[in-house]
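Sequential numbering of the sequence shown, starting at 8, is according to our numbering.
Idealized CB from N, CA, C, for every residue including glycine.
Everything numeric in this text was worked out from a predicted model, so none of it was measured.
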Amino acid sequence: MKIKKTGFWIIFVSGVIFASCSKTPEMTIEEIEALQKSVDYEFIQKSISKPFENQPFVPGKKGGIWYDTIISEPKTFNQLVGNFDGSSYAIISKTLDGLFDYDSVNKVWQPRMASFDIEINEKEQTLTLHCRLRDDLYWSFYGSDKKIPVISDDFVFWYNEIEGDEEAGIGGYEDQCISLPDGSRRHIDCIKIDDKNFDFVFPRIIAQPLLNANMSPCPSFLFRPAKEKGGIAAVKNLFGVDCDPKTIPSCGEFFITEYVPGRRLVFTRNPDFWKKDANGVSSPYYEELFCQIVGDQNTDYLLFKQGKKDAYSPRPEELSDVVNNQKNDYTVFNAQGSMTSYHWTFNQNPVNEDKPFYKWFCKKEFRQAMSCILNRERIIKQTYRGLAEPRYFFFPPVNPFYNEKIQLEYRYDIDRALKLLKAAGFVQGKDGLLRDEEGNEVEFDLAIYSGMTLLSDMAQIICDEASKIGIKINVRQTDFQKVIESMMSTFDWQSCIGAFGTSYFPTQGSNVWKSNGNLHVWYPFQKAPATDWEARIDQLYEEGAYTVDPAAAKKIWDEYQAIILEQCPLIYLVRARSFIALRNRWDFANFYYDNKNGAESTWIYLR
């Protein structure tokens with residue numbers, strides 16, 4: 008589980024399937040569990056549950072091509088530029104690796120590229136993280152015997168001269184600073200000891216130093232000369248999307264060996280990758296990863312049906328077809344309760360202060376009322392066929408500070424929604440329409456990613472429930488990149504359904520939950536907290552990050568969760584079961600699937 012430092016990317020989430028429409032009130036957890044026992048569970052019965060619990064892997068054999076797809080074209084092969092585009096970075100990261108791993112089963116950190124030792128100076132109240140690189144790490148080149156050892160410079164240079172350079176534009180230097188008790192901020196220094204050893208020196212004891220320090224290396228033997236000659240601009244000019252990808256060095260599992268725009272992207276296994284099985288064979292076992300570039304999910308599904316894709320996660324409308332047509336071609340696996348779920352959020356950015364929706368969305372009671380019209384039970388039954396459960400908590404259960412007693416109070420209740428709105432100055436007229444104090448009819452947009460049937464169905468349910476109290480919601484299907492641009496640049500959106508990655512630790516979401524974060528979606532980049540509750544969240548976030556004692560930290564994170572669930576800046580929907588279909592030409596001995604680790608296919612091999 009390669010966990011990045013603190014930030015989140017907005018992501019897509021898979022769902023399950025449709026069922027009949029229902030308009031009964033939202034149910035309790037106990038009633039949901041009873042429903043799940045009564046619905047048609049053929050999808051569960053006809054699929055396999057095989058979660059990863061650190062089972063040992065059996066030695067396999069090299070060979071074969073893994074066929075996959077990607078939706079978005081790479082915009083760059085440059086490691087720095089890729090930080091601004093998630094789809095490009097996902098491609099680049101196959102040539103890289105991380106310092107450490109988090110074992111989500113045993114909830115401990117493990118070495119990856121480096122072993123580590125934490126030294127705490129109680130007298131000075133400082134912490135030093137000592138890192139020692141493995142001896143078998145190399146930058147390799149496709150089709151060449153040339154191998155350059157990965158050294159401390161590859162991490163220290165990136166940390167100090169790339170990520171830490173304000174001109175690079177990735178905000179790295181600020182993320183490398185931590186607050187001291189007196190309110191000042193000090194830098195976490197990354198210091199080279201020798202070619203194999205380097206330290207992260209923290210000016211204050213911190214709860215999760217490995218999370219803060221975890222990073223990938225850069226080929227400093229290429230990046231350093233470029234920067235010395237032409238600055239950050241010259242670094243960004245390396246490995247553009249028009250370069251020969253075979254020239255890109257790799258210290259990861261793969262080389263990028265071919266890119267044909269609009270058609271395919273090909274990766275070839277790196278035999279010098281450090282991670283090896285009991286027989287000394289590097290992962291992965293398959294020789295090539297062949298990714299066809301597709302324009303949309305419909306084409307993606309068509310390729311799977313044609314046998315041109317080795318694994319596929321079906322959308323809700325496809326699950327019945329996928330599960331019931333397994334035969335001898337593929338096998339379907341299932342995973343319980345997703346760690347990630349969709350949320351509904353509202354734009355509170357003051358650039359829109361002259362618009363009526365801004366005043367509505369800034370009222371806590373309005374957001375709470377919107378939570379009260381969110382009929383999760385209807386979504387579960389109508390959209391997921393009972394194969395989901397409502398999400399009433401903030402931290403996912405995998406988070407060490409998840410507290411099942413801290414849950415959302417504002418659940419489906421139309422009468423309560425009207426009472427909350429009345430308290431906030433809204434009035435429902437004799438014509439059934441809801442109006443604000445100035446007589447404006449309450450009408451606003453709900454943006455969803457285009458081409459996703461699941462989101463469209465959920466949005467329609469929300470619209471229908473809102474109409475019961477006189478609110479008109481207009482669903483706007485929007486290109487994914489346009490949604491991101493609206494949230495992070497133009498700020499001209501109104502409300503939106505989206506999703507973030509899973510937070511294994513409370514401090515993973517710094518760019519979402521801290522008021523100055525670029526993904527503090529309802530009002531990002533705040534120079535100072537806009538509200539008292541956001542100021543308190545910032546304060547709790549800082550306190551929790553530096554509180555090592557679990558009991559003391561629990562009190563901090565309990566209050567943190569409770570405030571967010573009370574203020575409803577993001578209203579979570581449901582946790583769905585996940586499914587994945589895998590071609591039977593692969594041996595499943597080393598394949599596992601769950602919602603903590605995803606599809607564990609590192610050591611999969613041909614039958």
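For the options V449, N244, L415 and F408, the alpha carbon positioned closest to that of L425 is the one of V449. Per DSSP, G516 lies in no alpha helix (DSSP H) and is assigned neither H nor E. Annotated as proximal: W146 and I155, with beta-carbon spacing under 7 Å.
If one requires a minimum length of 4 residues, the alpha helix (DSSP H) runs lying completely within the stretch 152 to 190 are 160 to 164 and 179 to 182, in chain order. When C-alpha distances from S378 are compared across R398, E360, Y391 and F162, the shortest belongs to R398.
Looking at the DSSP output, W146 bridges to I155.
Only buried fits T275, as 16 or more other CB atoms lie within 10 angstroms of its CB. Beta-bridge pairing by DSSP links N128 to T133. Looking only at R192, P224, V208 and A542, the smallest Cα-Cα distance to V157 is reached by P224. In this structure, K53 lies away from V329, with their beta-carbon atoms at least 7 Å apart. According to DSSP, N359 shares a beta bridge with no other residue. CA-CA distance, A535 to S522, rounds to 7 Å. With respect to the C-alpha of Y548, the residue from V519, L526 and Q533 having the closest C-alpha is V519.
In the structure shown, W73 falls within a strand segment according to DSSP collapsed to helix, strand and coil. Spatial neighbours of G89 in its own chain (CB-CB distance under 6 Å, excluding positions within 5 residues in sequence) are listed in chain order as T83, S95, Y96 and I99. If one requires a minimum length of 4 residues, the alpha helix (DSSP H) runs lying completely within the stretch 186 to 227 are 216 to 220, in chain order. Looking at the DSSP output, T352 shares a beta bridge with C503 and L577. For S79, there is no enclosing alpha helix (DSSP H), since its DSSP letter is neither H nor E. Shown here for V405: same chain residues with a beta carbon closer than 8 Å to its own, the five before and five after excluded, namely S111, M346, T509, Y511 and K603 in chain order. In the three-state scheme derived from DSSP, where H, G and I count as helix and E and B as strand, F64 is classed as coil. No Cβ-Cβ contact shorter than 7 Å links I127 with L136. In this structure L427 does not touch I478 by the C-beta definition: roughly 13 Å separates them, more than the 8 Å allowed. Counting every other CB atom within 10 Å of its CB across the protein chains shown gives F532 a total below 16, marking it as exposed.
Residue range T460 to S474 is occupied by the alpha helix (DSSP H) that includes C470, with no beta strand (DSSP E) assigned at that position. Runs of the alpha helix (DSSP H) spanning 4 or more residues and lying entirely within the stretch 373 to 450 occur at 383 to 390 and 421 to 430, in chain order. Here R592 has L613 and R614 as same chain residues with Cβ atoms under 7 Å from its own Cβ, once five neighbours each way along the sequence are excluded.
Burial state of P232 is exposed, judged by a 10 Å Cβ sphere holding fewer than 16 other Cβ atoms. With respect to the 7 Å criterion, F297 and Y74 are classified as neighbours on the basis of their beta carbons. Boundaries cannot be given for F91, as no alpha helix (DSSP H) includes it and DSSP labels it neither H nor E.
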